[in-house]
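Number of protein chains: 2
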Amino acid sequence: MCKDGQKPAEAFSRNAGTSPSGSSVAEDLVRAFLSGSVQAAARIITVAENRDPAFFDLMKLIYPHTGKAYVVGITGASGTGKSTLTDAFAALLRERNFTVGIIAVDPSSPFAGGALLGDRIRMQRLSLDPGVFIRSTATRGHLGGLARTTNSIVKILDAFGKDFVIVETVGAGQDEVDIAGTADTTLLVLAPGLGDAIQNMKAGIMEIADIYVINMADREGVDRLFSQVKMRADQDFDLRKNAWKAPILLTAAIHNEGIVELVDAVESHRRFLMKNGRMQKLRREKTKSEILHLLKEEITEHMLDHFLGEGQFDELIDKVASRRKDPYTGVREIVRTILPGHA
Amino acid sequence: MCKDGQKPAEAFSRNAGTSPSGSSVAEDLVRAFLSGSVQAAARIITVAENRDPAFFDLMKLIYPHTGKAYVVGITGASGTGKSTLTDAFAALLRERNFTVGIIAVDPSSPFAGGALLGDRIRMQRLSLDPGVFIRSTATRGHLGGLARTTNSIVKILDAFGKDFVIVETVGAGQDEVDIAGTADTTLLVLAPGLGDAIQNMKAGIMEIADIYVINMADREGVDRLFSQVKMRADQDFDLRKNAWKAPILLTAAIHNEGIVELVDAVESHRRFLMKNGRMQKLRREKTKSEILHLLKEEITEHMLDHFLGEGQFDELIDKVASRRKDPYTGVREIVRTILPGHA
Numbered sequence: 455m456c457k458d459g460q461k462p463a464e465a466f467s468r469n470a471g472t473s474p475s476g477s478s479v480a481e482d483l484v485r486a487f488l489s490g491s492v493q494a495a496a497r498i499i500t501v502a503e504n505r506d507p508a509f510f511d512l513m514k515l516i517y518p519h520t521g522k523a524y525v526v527g528i529t530g531a532s533g534t535g536k537s538t539l540t541d542a543f544a545a546l547l548r549e550r551n552f553t554v555g556i557i558a559v560d561p562s563s564p565f566a567g568g569a570l571l572g573d574r575i576r577m578q579r580l581s582l583d584p585g586v587f588i589r590s591t592a593t594r595g596h597l598g599g600l601a602r603t604t605n606s607i608v609k610i611l612d613a614f615g616k617d618f619v620i621v622e623t624v625g626a627g628q629d630e631v632d633i634a635g636t637a638d639t640t641l642l643v644l645a646p647g648l649g650d651a652i653q654n655m656k657a658g659i660m661e662i663a664d665i666y667v668i669n670m671a672d673r674e675g676v677d678r679l680f681s682q683v684k685m686r687a688d689q690d691f692d693l694r695k696n697a698w699k700a701p702i703l704l705t706a707a708i709h710n711e712g713i714v715e716l717v718d719a720v721e722s723h724r725r726f727l728m729k730n731g732r733m734q735k736l737r738r739e740k741t742k743s744e745i746l747h748l749l750k751e752e753i754t755e756h757m758l759d760h761f762l763g764e765g766q767f768d769e770l771i772d773k774v775a776s777r778r779k780d781p782y783t784g785v786r787e788i789v790r791t792i793l794p795g796h797a
Numbered sequence: 455m456c457k458d459g460q461k462p463a464e465a466f467s468r469n470a471g472t473s474p475s476g477s478s479v480a481e482d483l484v485r486a487f488l489s490g491s492v493q494a495a496a497r498i499i500t501v502a503e504n505r506d507p508a509f510f511d512l513m514k515l516i517y518p519h520t521g522k523a524y525v526v527g528i529t530g531a532s533g534t535g536k537s538t539l540t541d542a543f544a545a546l547l548r549e550r551n552f553t554v555g556i557i558a559v560d561p562s563s564p565f566a567g568g569a570l571l572g573d574r575i576r577m578q579r580l581s582l583d584p585g586v587f588i589r590s591t592a593t594r595g596h597l598g599g600l601a602r603t604t605n606s607i608v609k610i611l612d613a614f615g616k617d618f619v620i621v622e623t624v625g626a627g628q629d630e631v632d633i634a635g636t637a638d639t640t641l642l643v644l645a646p647g648l649g650d651a652i653q654n655m656k657a658g659i660m661e662i663a664d665i666y667v668i669n670m671a672d673r674e675g676v677d678r679l680f681s682q683v684k685m686r687a688d689q690d691f692d693l694r695k696n697a698w699k700a701p702i703l704l705t706a707a708i709h710n711e712g713i714v715e716l717v718d719a720v721e722s723h724r725r726f727l728m729k730n731g732r733m734q735k736l737r738r739e740k741t742k743s744e745i746l747h748l749l750k751e752e753i754t755e756h757m758l759d760h761f762l763g764e765g766q767f768d769e770l771i772d773k774v775a776s777r778r779k780d781p782y783t784g785v786r787e788i789v790r791t792i793l794p795g796h797a
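For the record, the sequence lines run as chains A and B. Take any residue in the first sequence, count from 1 to its spot, add 454: that is its number in my numbering. Take any residue in the second sequence, count from 1 to its spot, add 454: that is its number in my numbering.
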């Protein structure tokens with residue numbers, strides 16, 4: 455499927471042969487995965503990240519085992535202590551005997567600073583626990599983007615049997631909004647002392663929050679931030695007439711404070727979604743958007759296979775580059791050729 | 455074309471009638487634009503941002519007038535003084551009698567802080583100059599994204615006759631990398647005192663720089679940052695065996711220091727591109743990627759028109775949501791229906 459990620463020697467490519475047992479390599483890999491092999495899970499995630507040719511075939515086998523995990527998104531600016539919060543949140547879930555998958559989506563901004571390495575070292579405490587699977591990812595496919603990859607990894611960890619999948623994203627750009635679309639409950643993490651952050655909050659970011667978390671609540675400025683968030687959350691609630699009013703929680707994750715209340719709030723939101731078929735509606739929406747994304751990818755891929763390197767396409771590029779034709783007319787002509795019924 | 459942005463009463467929609475003179479509303483608008491109407495330019499940019507149905511028709515008329523402007527991208531983290539630098543850079547170009555368009559792409563991060571309002575007020579000094587056209591944008595279409603919109607605005611300001619179009623982006627995520635694809639010369643702005651920023655720089659961000667600018671060079675820490683950038687730039691140069699070695703310039707934009715050298719460096723890069731057909735190659739690559747993007751959008755749009763709300767599509771969503779079918783098989787089946795020749 456994916457030209458960039460295609461490795462000719464890939465052991466489980468679409469056309470790979472069968473193993474001695476008569477089943478395909480993909481089937482064997484998924485069997486190992488479903489019986490709990492961490493190595494198989496890691497390998498399948500790599501296939502998803504690289505959009506290896508085996509991706510569709512593997513996901514086809516995995517998909518029937520999905521839909522059981524509860525997905526929590528944790529997002530917010532760098533410096534708000536998201537990783538410490540994720541850590542504490544996951545640790546409490548483990549105490550309650552839930553298994554946990556953590557996907558740490560790396561910051562796309564190289565300027566974000568922060569203690570990435572430190573985070574990873576700290577997280578190793580959790581990663582010694584076989585009930586926790588941690589994966590960092592920052593891969594953008596040439597078609598899908600970060601949100602698509604993350605969404606696939608969520609599915610993989612879901613099928614792997616994790617009760618909770620936590621998606622931690624750094625920053626608050628479009629990626630985070632898209633990734634939030636993957637979560638059942640999204641936490642927006644804020645912290646005092648980061649400037650007049652709230653005043654710069656745009657529509658589209660505040661909206662993704664099911665729960666606001668003011669972390670580092672032992673620091674100065676927490677009252678002011680709380681009233682800013684509250685005012686904004688109230689406005690948002692009035693404006694959108696939601697049935698769910700996002701609560702504002704105070705935590706000091708580094709001292710493990712407020713984490714029980716946070717887990718309770720997530721549980722409240724889950725119960726809210728379970729009522730009146732909201733969860734079903736939410737998941738149907740997600741399914742719809744996922745299918746549309748896959749459709750775009752597949753059609754684009756077929757289109758590229760068909761056009762790239764073809765004389766017709768190169769000729770169009772030349773004409774457009776030399777301004778003998780405008781790209782808008784050119785594209786409409788191509789669409790008429792491919793989709794005669796629809797253009 | 456664009457469902458979200460469609461306004462039924464829009465005066466220049468695709469099916470709008472003709473004006474009393476017999477020409478279409480789009481033609482009249484473009485005529486006003488080409489004769490220098492700032493109002494018409496602003497209106498066309500709004501069409502591009504909203505992906506109004508008139509977008510293709512307007513761009514078709516505008517496209518033949520593009521290809522003359524030189525496009526400079528200015529990117530970097532917030533706090534590096536990019537806007538001040540843009541301001542000083544544009545002012546010097548104006549002194550040399552070049553006309554300038556400035557596109558300030560708003561930070562997608564609401565947490566970015568910074569002095570956005572201050573910037574805008576400061577920029578008003580430039581905006582009193584009829585030789586300068588300034589536009590802030592932050593619009594993401596439902597299909598195209600920020601880079602697509604920005605690319606269209608670049609074209610519009612190019613056709614509007616600006617000698618230079620400066621695209622200023624805040625942050626350094628994928629958007630910035632994509633937007634850099636629009637520029638002929640990209641400046642990556644850094645500043646001392648922002649932490650060990652450089653150490654976190656990932657592949658993909660450093661690579662977009664044609665010129666490194668260490669701004670606020672009157673501050674402490676400039677020597678250390680300079681050697682970090684130099685080491686990284688040297689590695690990058692050795693690794694990629696580029697013909698162009700990105701220089702590292704020191705500026706203090708707020709005191710107008712180093713700006714002449716910066717304009718000279720941009721001119722050197724332009725001359726470099728002019729040699730051996732590099733510019734032609736670069737612009738052909740850009741044209742190709744633009745056509746592919748437009749193709750994806752158009753095909754997706756037709757697909758949506760065709761499928762959304764149709765029984766077949768809703769049925770698929772239900773089956774996938776209830777795990778009676780996996781989305782991968784479902785999507786392949788649809789693709790086979792739409793593109794029987796290619797699947």
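Note that beta-carbon positions come from the ideal geometry of N, C-alpha and C, so glycine has one too.
_Please confirm whether Pro781 (chain B) has its beta-carbon closer than 8 Å to some beta-carbon of chain A._
The count along the second sequence starts at 1 and reaches residue 781 (chain B) at position 327. Taking Cβ atoms only, chain A reaches closer than 8 Å to Pro781 (chain B), which makes this a yes.
_Let's test the definition: count the other Cβ atoms within 10 Å of the Cβ of Glu721 (chain B) and tell me whether it reaches 16, buried, or not, exposed._
In the second sequence, the residue the question calls residue 721 (chain B) occupies position 267. By the neighbour-count criterion, in which a residue is buried when 16 or more other Cβ atoms sit within 10 angstroms of its Cβ, Glu721 (chain B) is exposed.
*asked:* What does the Cβ neighbour count give for His452 (chain A), buried or exposed, with the cut at 16 atoms within 10 Å?
replied: Because chain A here runs from 455 to 797, residue 452 (chain A) falls outside it and cannot be looked at.
*Taking 8 Å as the CB-CB limit, is Phe543 (chain B) close to chain A?*
Position 89 of the second sequence, counted from the first residue, corresponds to residue 543 (chain B). Answer no: the Cβ-Cβ gap between Phe543 (chain B) and chain A never drops below 8 Å.
*Where DSSP assigns a beta bridge to Leu727 (chain B), which residues make up the other side?*
Here residue 727 (chain B) is taken as the residue at index 273 of the second sequence, counted from 1. Residue pairing by DSSP places Leu727 (chain B) opposite no residue, since no beta bridge is assigned to it.
*Is it a yes or a no for the stretch 599-608 of chain B touching the stretch 487-496 of chain B, going by three-plus beta-carbon pairs under 8 Å?*
At 8 Å Cβ cutoff, the stretches do not touch.
*Taking all protein chains shown into account, decide if Ser532 (chain B) is buried (16 or more other Cβ within 10 angstroms of its Cβ) or exposed.*
For the purposes of this step, residue 532 (chain B) is identified with residue 78 of the second sequence, where counting begins at 1. With at least 16 other beta carbons inside 10 angstroms of its own, Ser532 (chain B) counts as buried.
*Is it buried or exposed for Met660 (chain A), if we count other Cβ within 10 angstroms and need 16 for buried?*
Within the first sequence, the letter at position 206 stands for residue 660 (chain A). With 16 or more other CB atoms across the displayed protein chains lying within 10 angstroms of its CB, Met660 (chain A) is buried.
*Spatial neighbours of Lys699 (chain B) within its chain, please: CB distance less than 8 Å, with the 5 preceding and 5 following residues excluded, ordered by chain position.*
Against the second sequence, residue 699 (chain B) aligns to sequence position 245. Cβ contact annotation for Lys699 (chain B) (same chain, cutoff 8 Å, sequence separation greater than five): Ala687, Phe691, in chain order.
*Skipping 5 residues on each side, what residues in its chain have a beta carbon closer than 6 Å to that of Ala523 (chain A)?*
To locate residue 523 (chain A), count along the first sequence from 1; it is residue 69. Around Ala523 (chain A): Asp612, Lys616, Val619.
*Positions along the stretch 719-748 of chain A whose CB lies within less than 7 Å of some CB in chain B*: Listed by position along the chain: Arg737, Arg738, Thr741, Lys742, Glu744, Ile745, Leu748.
*Measure the beta-carbon distance from Leu515 (chain B) to Ala480 (chain B) and round it to whole angstroms, keeping in mind my assumption that it falls under 8 Å.*
Here the question's residue 515 (chain B) lines up with position 61 in the second sequence. Here the question's residue 480 (chain B) lines up with position 26 in the second sequence. So it is a contact: roughly 7 Å between Cβ atoms.
_DSSP three-state label for Arg786 (chain A), please._
Translated into the one-based positions of the first sequence, residue 786 (chain A) becomes position 332. In the three-state reduction of the DSSP assignment, Arg786 (chain A) falls in the helix class, which pools H, G and I.
_Taking the alpha carbon of Ile498 (chain B) as the reference point, which residue from B:Pro507, B:Leu512, B:Arg485 has its own alpha carbon closest?_
The count along the second sequence starts at 1 and reaches residue 498 (chain B) at position 44. When each option's Cα is compared against that of Ile498 (chain B), the closest is B:Leu512.
_Cut-off 8 Å between Cβ atoms - residues of its own chain near Ser743 (chain A), not counting five sequence neighbours on either side_ = As a working note, residue 743 (chain A) is residue 289 in the first sequence. Here Ser743 (chain A) has Gly635 as same chain residues with Cβ atoms under 8 Å from its own Cβ, once five neighbours each way along the sequence are excluded.
_Buried versus exposed call for Thr791 (chain B) [16 or more other C-beta atoms within 10 Å across all chains shown]_ = Within the second sequence, numbered from 1, the residue matching residue 791 (chain B) stands at position 337. So Thr791 (chain B) ends up on the exposed side.
*Closer than 9 Å by beta-carbon distance: list the chain A residues that pair up with Glu481 (chain B), in chain order.*
In the second sequence, the residue the question calls residue 481 (chain B) occupies position 27. By Cβ distance, chain A contributes nothing, its closest Cβ being about 14 Å from Glu481 (chain B), past 9 Å.
*Nearest chain A C-beta to Phe487 (chain B) closer than 8 Å, yes or no?*
In the second sequence, the residue the question calls residue 487 (chain B) occupies position 33. Among the CB atoms of chain A, none fall inside 8 Å of the CB of Phe487 (chain B).
_chain B contacts from the stretch 512-524 of chain A (Cβ-Cβ distance under 7 Å)_ = For the stretch 512-524 of chain A, the beta-carbon criterion of a distance under 7 Å to any beta-carbon of chain B is satisfied by Met513, Lys514, Tyr517, Pro518, Gly521.
*Quick one: list the residues of chain A neighbouring Leu770 (chain B), beta-carbon separation under 8 Å, in chain order.*
For the purposes of this step, residue 770 (chain B) is taken as residue 316 along the second sequence, with counting starting at 1. Correct list: Ile745.
*Between which two residues does the alpha helix (DSSP H) harbouring Leu547 (chain A) extend?*
Position 93 of the first sequence, counted from the start, is the residue given in the question as residue 547 (chain A). It spans 536-549 - the alpha helix (DSSP H) in which Leu547 (chain A) sits, taken as one unbroken run.
*What first and last residue would you give for the alpha helix (DSSP H) that runs through Phe510 (chain B)?*
Translated into the one-based positions of the second sequence, residue 510 (chain B) becomes position 56. Note, Phe510 (chain B): alpha helix (DSSP H), 509-516.
*asked:* Using only CA atoms, which one of B:Leu716, B:Leu679, B:Pro701 lies nearest to Ala544 (chain B)?
replied: Along the second sequence, one-based indexing puts residue 544 (chain B) at 90. Closest option to Ala544 (chain B), Cα to Cα, is B:Leu716.
*The alpha helix (DSSP H) with Ile499 (chain A) in it runs from where to where?*
Residue mapping note: residue 499 (chain A) aligns to position 45 of the first sequence, counting from 1. 492-504 is the extent of the alpha helix (DSSP H) around Ile499 (chain A).
*For Thr741 (chain A) versus Val554 (chain B), is the C-beta distance shorter than 8 Å?*
Along the first sequence, one-based indexing puts residue 741 (chain A) at 287. Along the second sequence, one-based indexing puts residue 554 (chain B) at 100. Contact annotation: Thr741 (chain A) and Val554 (chain B) have beta-carbon atoms that are not nearer than 8 Å.
*Could you tell me whether the Cβ of Lys750 (chain A) comes closer than 8 Å to any Cβ of chain B?*
Along the first sequence, read from residue 1 onward, the residue named residue 750 (chain A) stands at position 296. For Lys750 (chain A), the answer is yes, since a Cβ of chain B falls inside 8 Å of its Cβ.
*DSSP beta-bridge partners for Thr623 (chain B)?*
What you label residue 623 (chain B) is simply residue 169 of the second sequence in a count that begins at 1. B:Thr529, B:Val559.
*Rounded Cβ spacing between Ile671 (chain A) and Ala706 (chain A) (contact assumed at less than 8 Å)*: The residue labelled residue 671 (chain A) in the question sits at position 217 within the first sequence. The residue labelled residue 706 (chain A) in the question sits at position 252 within the first sequence. It should be noted that the sequence gives Ala, not Ile, for residue 671 (chain A). Confirmed, about 5 Å.
_Please classify Glu503 (chain B) as buried or exposed, where buried requires at least 16 other C-beta atoms within 10 Å of its C-beta._
Walking along the second sequence from the start, residue 503 (chain B) turns up at place 49. Under this definition Glu503 (chain B) is a buried residue.
_According to DSSP, simplified to helix, strand and coil, what is Thr604 (chain A)?_
By one-based count along the first sequence, residue 604 (chain A) stands at place 150. In this structure, DSSP gives Thr604 (chain A) a helical state, which the three-state scheme calls helix.
*asked:* Less than 8 Å between C-beta atoms, sequence neighbours within five positions excluded: which residues of the same chain meet that for Leu483 (chain B)?
replied: Looking up residue 483 (chain B) in the second sequence gives position 29. Excluding sequence neighbours, Leu483 (chain B) sits near Phe466, Ala494, Arg497, Ile498, Leu512.
*Between the C-alpha atoms of Ser477 (chain B) and Arg485 (chain B), what's the straight-line distance to the nearest angstrom?*
Here the question's residue 477 (chain B) lines up with position 23 in the second sequence. Here the question's residue 485 (chain B) lines up with position 31 in the second sequence. If you take the alpha carbons of Ser477 (chain B) and Arg485 (chain B), they lie about 10 Å apart.
*Rounded straight-line distance, which links the Cα of His519 (chain A) to that of Leu746 (chain B)*: As a working mapping, residue 746 (chain B) is identified with position 292 in the second sequence. As a working mapping, residue 519 (chain A) is identified with position 65 in the first sequence. If you take the alpha carbons of Leu746 (chain B) and His519 (chain A), they lie about 36 Å apart.
*Can you list the alpha helix (DSSP H) stretches of 4 or more residues lying completely in the stretch 651-709 of chain B, in chain order?*
Counting whole runs of 4 or more residues, the stretch 651-709 of chain B contains the alpha helix (DSSP H) stretches 676-694.
*Beta-carbon separation (whole angstroms), Val621 (chain B) vs Val667 (chain B), contact threshold 8 Å*: Position 167 of the second sequence, counted from the first residue, corresponds to residue 621 (chain B). Position 213 of the second sequence, counted from the first residue, corresponds to residue 667 (chain B). Actually they do not touch by this definition, with Cβ atoms about 15 Å apart.
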